[in-house]
Amino acid sequence: MAYIPPHKRYSKDVRRASPIPETLHRQFKRNMNLRASTSHLDKSGKIVYADRCISKWFAVGLDDDDNFPPHIHLEPISLEYVERKSGEKPLVLVNSVVTEEDSKLERNCSRSPWEIIAEEVQQELLSSFEILRNEMDDQGSERVKPTLVARLGKFLFHGSRSMALESVDKIQVEEAILRQLRRSLYTNIPSSYMENIIDGVVPVIGVDFEEEKDVYHVKLSDNTRPDATISCKCSVLENKKLLLYKVELNPVRQMVIDVSCLDKNLDLRLMLSTKRILTTLTDDEMNSIRDLINSAVLDSDMKGGLRWPLGKASSGGRYSVTGAWHTVTKAYKSSSFRLKVRDADRFDFRSGAGEAAREIYLKLKRIVSEIQEPGAESDSISKMLEDSLRLIWDKFLCCERFLT
Numbered sequence: 194m195a196y197i198p199p200h201k202r203y204s205k206d207v208r209r210a211s212p213i214p215e216t217l218h219r220q221f222k223r224n225m226n227l228r229a230s231t232s233h234l235d236k237s238g239k240i241v242y243a244d245r246c247i248s249k250w251f252a253v254g255l256d257d258d259d260n261f262p263p264h265i266h267l268e269p270i271s272l273e274y275v276e277r278k279s280g281e282k283p284l285v286l287v288n289s290v291v292t293e294e295d296s297k298l299e300r301n302c303s304r305s306p307w308e309i310i311a312e313e314v315q316q317e318l319l320s321s322f323e324i325l326r327n328e329m330d331d332q333g334s335e336r337v338k339p340t341l342v343a344r345l346g347k348f349l350f351h352g353s354r355s356m357a358l359e360s361v362d363k364i365q366v367e368e369a370i371l372r373q374l375r376r377s378l379y380t381n382i383p384s385s386y387m388e389n390i391i392d393g394v395v396p397v398i399g400v401d402f403e404e405e406k407d408v409y410h411v412k413l414s415d416n417t418r419p420d421a422t423i424s425c426k427c428s429v430l431e432n433k434k435l436l437l438y439k440v441e442l443n444p445v446r447q448m449v450i451d452v453s454c455l456d457k458n459l460d461l462r463l464m465l466s467t468k469r470i471l472t473t474l475t476d477d478e479m480n481s482i483r484d485l486i487n488s489a490v491l492d493s494d495m496k497g498g499l500r501w502p503l504g505k506a507s508s509g510g511r512y513s514v515t516g517a518w519h520t521v522t523k524a525y526k527s528s529s530f531r532l533k534v535r536d537a538d539r540f541d542f543r544s545g546a547g548e549a550a551r552e553i554y555l556k557l558k559r560i561v562s563e564i565q566e567p568g569a570e571s572d573s574i575s576k577m578l579e580d581s582l583r584l585i586w587d588k589f590l591c592c593e594r595f596l597t
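Sequential numbering of the sequence shown, starting at 194, is according to my numbering.
As structure tokens, then:
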């Protein structure tokens with residue numbers, strides 16, 4: 194799962210807790226805003242954070258004192274893919290109450306959850322766009338495309354080994370515990386959830402089928418761009434060779450808002466990111482990249498769907514293959530957003546880890562367009578944000594309990 198860079202981790206000035214502390218701070222600090230002073234990327238080069246990336250995490254479904262209710266626990270789970278990469282079991286927040294309605298009965302809900310989320314998100318979103326707008330004005334030949342995405346999944350909390358929590362079946366959620374754990378979003382959702390979205394949600398939310406794409410993504414390192422990963426999007430020709438049609442740099446995260454939805458079985462990440470389409474590659478650079486693409490062999494038995502003959506996974510001493518993805522994506526569109534339902538098969542050459550996953554996410558295109566308009570009004574943006582979050586809360590966070 195995703196590495197959390199140092200400037201995104203919880204601060205380490207909190208006192209170290211015993212495996213299950215008896216006395217902890219009573220008041221939980223719900224919001225956490227962290228801004229990086231310099232750009233940062235994860236060790237694999239996959240995830241890059243902007244110089245002034247805004248990061249925030251909070252939970253919806255706390256009690257009247259902004260504490261976690263007693264029916265919310267941290268529990269260790271078994272995930273082979275994650276354990277193979279991190280060497281330990283991750284933890285998830287689990288609601289022991291059966292239904293959302295039962296959870297609401299245990300506390301006074303004066304405001305709807307989507308109103309709470311919109312209020313927490315709006316200022317960060319506007320600030321991120323203002324920063325991004327200034328940066329886009331300074332861009333040269335690389336075309337920058339901002340995207341606001343709502344990703345759905347379950348937050349995994351990492352770091353239990355250092356706290357000796359592996360042998361504990363259930364941990365009461367407290368501030369001192371959460372502040373010592375890293376966080377990532379696990380987006381592989383159950384097949385029953387995907388079927389419900391396609392068969393039950395899509396027909397009633399006013400979206401039209403747009404297209405289905407079968408794409409191979411070849412990830413390359415570039416020794417002249419140590420802070421970047423190049424992503425090559427390819428289709429398959431009749432002769433089973435790949436046709437390269439787009440070359441872009443890996444996304445740069447401008448804003449990441451994580452919301453733990455305690456009354457739901459899925460969590461929400463709102464992420465503003467930018468992609469840079471490479472339009473000024475020289476003929477020699479394109480030829481080197483095409484050599485790598487042309488050397489790929491389709492192989493359905495391989496994770497990622499591709500393999501390279503011995504010695505063919507690098508070109509010219511500059512580019513090297515670092516990963517391969519095969520995605521089949523169905524896209525649905527409305528005037529406000531695009532819904533994408535994706536089967537993804539990924540393999541990372543550096544870690545030797547791969548996973549097939551089912552994923553669903555929404556691109557909130559109307560909000561992005563509105564914010565970029567001159568003189569955009571905050572009330573209008575707030576209304577669109579609330580409407581989108583209400584739809585997501587009502588239709589996309591309902592899922593059978595999993596990862597337990």
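Even glycine gets a Cβ: it sits at the ideal position worked out from N, Cα and C. Remember, it's a predicted structure, so these values are computed and weren't measured experimentally.
So, for residue i: in the same chain, excluding its five sequence neighbours on each side, which residues have a beta-carbon less than 6 Å away from its beta-carbon?
i      : result
Gly509 : Ser481
His554 : Before going on, a small fix: residue 554 reads as Tyr here, not His. Around Tyr554: Val342, Arg344, Lys533.
Leu499 : Ala489, Ala517
Leu430 : Leu436
Ile324 : Arg245
Leu491 : Lys433
Going by other Cβ atoms of all chains shown within 10 Å of its Cβ, with 16 needed for buried, is residue i buried or exposed?
i      : result
Met479 : exposed
Gln157 : In the structure as shown, the chain begins at 194 and stops at 597. Residue 157 is therefore absent and cannot be evaluated.
Asp460 : buried
Ser503 : One point to set straight first is that residue 503 is Leu, not Ser, in the sequence displayed. Leu503 is exposed by the Cβ-count criterion.
Ser529 : buried
Lys347 : buried
Val445 : buried
Pro396 : exposed
Thr520 : buried
Asn432 : exposed
Glu388 : exposed
Starting from residue i, follow the beta strand (DSSP E) in both directions and report where the run begins and ends.
i      : result
Val287 : 284–288
Asp580 : From DSSP, Asp580 is part of no beta strand (DSSP E) but of the alpha helix (DSSP H) over 571–584.
Ile382 : Here Ile382 belongs to no beta strand (DSSP E), and DSSP marks it neither H nor E.
Val400 : Per DSSP, Val400 belongs to no beta strand (DSSP E) and is neither H nor E.
Glu268 : 265–269
Lys526 : 512–526
Arg535 : 531–541
Thr472 : Careful: Thr472 lies outside any beta strand (DSSP E) and carries neither H nor E.
Arg594 : Here Arg594 belongs to no beta strand (DSSP E), and DSSP marks it neither H nor E.
Arg245 : 241–253
Glu431 : Counting along the chain, Glu431 falls outside any beta strand (DSSP E), and DSSP gives it neither H nor E.
Leu503 : Neither: Leu503 is in no beta strand (DSSP E) and is coded neither H nor E.
Ile553 : 546–556
How far does the alpha helix (DSSP H) with residue i in it reach, from first residue to last?
i      : result
Ser488 : 476–488
Val440 : Not the alpha helix (DSSP H): Val440 falls in the beta strand (DSSP E), residues 435–442.
Glu276 : 273–279
Can you name, in chain order, every residue of its own chain whose Cβ lies under 7 Å from the Cβ of residue i, other than the five neighbours on each side?
i      : result
Ser289 : His264, His266
Val337 : Met329, Thr467, Arg469
Leu584 : Ile398
Kindly indicate which three-state DSSP category residue i falls into: helix, strand or coil?
i      : result
Val561 : helix
Trp307 : helix
Met464 : strand
Gly352 : coil
Ile450 : strand
Arg228 : Only weak support is given to the placement of Arg228: the predicted model assigns it a pLDDT of 36, under 50, and the question is left unresolved by the model.
Arg418 : coil
Pro339 : strand
Val395 : helix
Leu371 : helix
Glu405 : strand
Ser424 : strand
Leu318 : helix
Leu345 : strand
Leu455 : coil
Once you ignore the five residues that flank residue i on each side, which residues in its own chain have a CB closer than 8 Å to its CB?
i      : result
Ser428 : Asp407, Val408, Tyr409, Leu435, Leu436, Tyr438
Ser527 : Ile398, Gly399, Val400, Asp401
Ile423 : Lys412, Leu413, Ser414, Asp415, Val440, Glu441, Leu442, Asn443, Leu471, Ile482, Tyr512
Ala506 : Leu485, Ser488, Ser513, Val514, Phe542
Glu403 : Ala524, Tyr525, Lys526, Arg531
Since residue i and residue j are thought to touch, with beta carbons under 8 Å apart, how far apart are those beta carbons, to the nearest angstrom?
i      : j      : result
Pro269 : Leu349 : Incorrect: roughly 10 Å between the Cβ atoms, too far for contact.
Val394 : Leu286 : In fact, because the Cβ distance is near 24 Å, the residues do not count as touching under 8 Å.
Gly547 : Lys496 : 3 Å
Leu485 : Tyr512 : 6 Å
Gln447 : Ala243 : 5 Å
Ser321 : Ile391 : Between Ile391 and Ser321 the Cβ distance is about 32 Å, and since that is not below 8 Å, they are no contact.
Ser581 : Leu557 : 6 Å
Val561 : Thr340 : 7 Å
Ile382 : Arg594 : So it is not a contact: roughly 12 Å between Cβ atoms.
Ser575 : Gln316 : Actually they do not touch by this definition, with Cβ atoms about 10 Å apart.
Quick check: does the Cβ of residue i come within less than 6 Å of any heavy atom belonging to the ligand SAH?
i      : result
Leu272 : This structure does not include the ligand SAH; it has no bound ligands of any sort.
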